[in-house]
């Protein structure tokens, strides 16, 4: 499995709604609320060969209440 993170900026007042929708969809490994430029930090895993950009575009960015995303691709866990 390939891990990656997505920072999510939500429409005002929609952070909990977005987090609940991600949890209900069972596509995220971990979901955290954050302070700063983004409201949520979400960890995902995909099978090797799955296009991460396509996954984010179709599975994450289509959730109502999401204004912007920033994908962070990781290399190695220590």
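Residue numbers (the numbering used here): -8 to 69.
All C-beta atoms in this analysis are idealised placements derived from N, C-alpha and C, irrespective of residue type, glycine included.
Please read all numbers here as calculations on a predicted model, not as lab measurements.
- In the structure shown, the three-state DSSP call for residue 20 is coil.
- Residue 36 sits in a strand when the DSSP states are folded into three classes.
- Note that the C-beta distance between residue 9 and residue 63 is not below 7 Å.
- The continuous beta strand (DSSP E) containing residue 63 extends over residues 57 to 64.
- The beta carbons of residue 66 and residue 35 sit about 16 Å from each other, so the pair does not count as a contact at 8 Å.
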